[in-house]
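A short worksheet on the structure shown next.
Here's what the structure looks like:
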């Protein structure tokens, strides 16, 4: 009986779940992440809009895994994966493995227009969220002292690109921030004059939600003051403007929630098939073709499961994949004897604003206040630890009754 | 009856208190701060050591003052004050005034060795606190992957300069972080091997505390594993080392809590007497000599009050000064008819670690657990708003029982 070395790259939902399931004396786990924390990404937009503090949606990986003595956590960047020699090159070292789990997630995609990145703000990490928060709050500060009305108008115009859950939640949150939270706070400007544009290339918002939910979402956002642009692909992004559907919008703040692609490390995997988004096309057991000891999980993996369902890039899928791989490794089954991954769709939910959300699960569609309560409940339950749960709950109760947002602090005074 | 323009520079304890007291229709108040928030500085060290989140000790000035419609808040830097023409030059504009209140506070002082600033970390702003948190947490991360034992030892050596409350609280907090909070989190290093040095130039810690409290503080810190150096002035600080009392300590982390001096704007005040620390020597009514319409309050003012007490640079003194000035302005009294400021000493307190603090007020000295409970109570009561109070209280209760710290998140992965 020898000890197996399992190397997990990435401490997101997939990688962390896999590490937690590998509670086995015969297994030594090394978990590598470039951050020191696991991030509860579904609530990242609330950090960006000043509703929650960083620490409420992030938890140190070390502290989550501190009692699991077979796990070593390393904070480092993955540079290159050599499948032949079974070695992973980090920025500050090299690690070998018996089993490798690639769970490095996805990054913002600009569909071939990487030059747009410099003019837009992504929303994938705490740094991203803090950058959005700072830029949004500073826009109001600058507008308060600005003299030129065109300048004020531009400062108070914010663009969100992408009509998926991230875009919808971000746009709704910005509308509430400007129309309600900040309403009383300024003397020269009226924050309610802020224009929030939500731009979607396709014909509807939340395209993966069934029935009337996309239309409900659009109407609800419009009631909240968001200008929704459908069938409106972005053709150009420059310093201070976006062109979408032939229309130019002048805005200093362009938040990009339109698409994701796999972490670029997948390009270093010689001979492994990738899909258009750079995702690894894994086998039905989530291993890489020709490398039964190497797995991919989460947003970095592309798979149509045993039921013919294309597994979506959502956290329940990532958790299920991480869990599945841990079981395969623990059983040390040969490739032919391995089970086949099946995705269990737990439904989808997105929040539009206070008291309004859409939920779809097991053929049932819900909207409005009840859906919003469900959204709150599910997100509280899945938050990592007790303390964060209580703190976030109190934050939400507090904000519900006062319309205040607690985390409206600009950390650095160096204006960009 | 004309409207008076009151310009307040600085939204710390003095400036904010003054603005809040000037609730008067006949007065128009403009409050300028380079940050968008009021900071509860007495708890800043807890942000630096990962115990509290930023938003828990900072609150947007706009949101504090949103209902007080006679106050306009501007986020900007003060560049120059021209007392003759009654104008204040900001980075992005010029403001005039009928009354001026200078409450810009203090900054870290290196006693003439400004070149030490680049090798040390101050603790005056949220940025400072986040920089310390990041550097301390990254030191443990780096030590975990370091191979050279000398390198590990250096990474796990942390120096705090200054034996006043800031230094004592910071050193105690770092000792607990390394010896208890992080105890189980690493596999290659033992965080309890961390050496925390507290360096004080004078013969005792907390020199302003009476009786046996300084000795108690030293003993208590030593029990917690802090190496206390007394009579040990710092003679040199360089990249990765400190020389104090002839002894060289190799350390990548040097936290400077040794002294403060007034904000440099005081140097632009032509003809106004300043003390050695650059503080404005105000008249008994807190006005500037020769300028009855200009006041200074808080850490930027130097004064021996009507009872012969040198007013210390603590938050109760700042609040009392802000309050006093607001009353003088409201009464529009002539200089000769103005009252004289008297400082009401509410006592001093400092926390050393869990269950241990020192308190001195009205001739009474307390130490240990009861003093620590008093410290908790007073700090919770004075925290700005209800939501923060509840959140901080929960944080402290949680940490007390679990020894976890909630805010151990490193925001940026770009290693320094």
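Protein chains in written order, with the numbering used here: chain R, 1 to 416; chain L, 417 to 832. Even for Gly, the Cβ is constructed at its ideal location relative to N, Cα and C.
Check	Outcome
Three-state secondary structure assigned by DSSP to residue 568 of chain L	helix
Residues bridged to residue 804 of chain L [DSSP beta-bridge criterion]	None; residue 804 of chain L has no bridge partner.
For residue 358 of chain R, the three-state DSSP class (helix, strand or coil)	strand
Chain R contacts made by the region 808-825 of chain L, where a contact means CB separation under 9 Å	810, 811, 814, 815, 818, 820, 821, 822, 823, 824, 825
Whole-angstrom distance between residue 206 of chain R and residue 165 of chain R, CA atom to CA atom	6 Å
Beta-carbon proximity of residue 455 of chain L to residue 474 of chain L, cut-off 8 Å	yes
Within chain R, the residues that residue 603 of chain L reaches when beta carbons sit closer than 9 Å	69, 71, 72, 73
Contact list for the region 524-547 of chain L against chain R, Cβ threshold 9 Å	541, 542, 543, 546
Sufficient close CB pairs (3 or more, under 8 Å) joining the region 365-372 of chain R to the region 56-74 of chain R	no
Proximal residues, the region 441-457 of chain L versus chain R, C-beta separation under 8 Å	450, 451, 452, 453
Outcome for residue 25 of chain R when other beta-carbon atoms lying within 10 angstroms are tallied against a minimum of 16	exposed
Residue-chain proximity (residue 93 of chain R, chain L), Cβ-Cβ < 8 Å	yes
Residue environment, residue 510 of chain L, which counts as buried when at least 16 other CB atoms sit within 10 Å	exposed
Runs of alpha helix (DSSP H) wholly within the region 480-562 of chain L (minimum 4 residues, chain order)	542-561
Span of the alpha helix (DSSP H), counted from its first residue to its last, around residue 437 of chain L	429-437
C-alpha distance - residue 824 of chain L paired with residue 614 of chain L, whole-angstrom precision	23 Å
Residue 6 of chain R and residue 272 of chain R closer than 8 Å at C-beta	no
Strand pairing of residue 60 of chain R, partner residues [DSSP]	R/37
Closer than 8 Å to chain R by CB, residue 827 of chain L	yes
Cβ-based burial, residue 85 of chain R [other Cβ within 10 Å; buried from 16]	exposed
Members of the region 44-55 of chain R near chain L, C-beta cut-off 7 Å	53, 54, 55
CB contact check: residue 832 of chain L to chain R, cutoff 8 Å	Low confidence applies here, because residue 832 of chain L scores a pLDDT of 37, under 50, leaving its location unreliable; read the following figure in that light. No, no contact with chain R.
C-alpha distance - residue 535 of chain L paired with residue 262 of chain R, whole-angstrom precision	39 Å
Check whether residue 765 of chain L and residue 794 of chain L have beta carbons under 8 Å apart	yes
Rounded separation between residue 600 of chain L and residue 723 of chain L - CA only	54 Å
Spatial distance of residue 491 of chain L from residue 451 of chain L (CA atoms)	6 Å
Nonlocal neighbours in the same chain, by C-beta distance under 7 Å from residue 538 of chain L, ignoring five residues either side	524, 544, 672
Candidates R/67, R/104, R/54, R/70: closest to residue 14 of chain R by CA position	R/104
Within 8 Å of chain R by C-beta, residues of the region 702-718 of chain L in sequence order	none
Residue 488 of chain L versus residue 550 of chain L - alpha carbon distance	35 Å
Chain-order list of residues whose beta-carbon lies under 6 Å from that of residue 304 of chain R (same chain, five-residue window excluded)	310
Terminal residues of the beta strand (DSSP E) in which residue 671 of chain L lies	669-672
Local conformation of residue 365 of chain R per DSSP, three classes	strand
Under 7 Å (Cβ pairs) to chain R, residues found in the region 425-439 of chain L	none
Candidates R/172, R/235, R/136, R/9, of which the one nearest residue 116 of chain R by Cα	R/235
Close Cβ partners of residue 459 of chain L (< 7 Å) along its chain, the five nearest in sequence each way excluded	468, 473, 795
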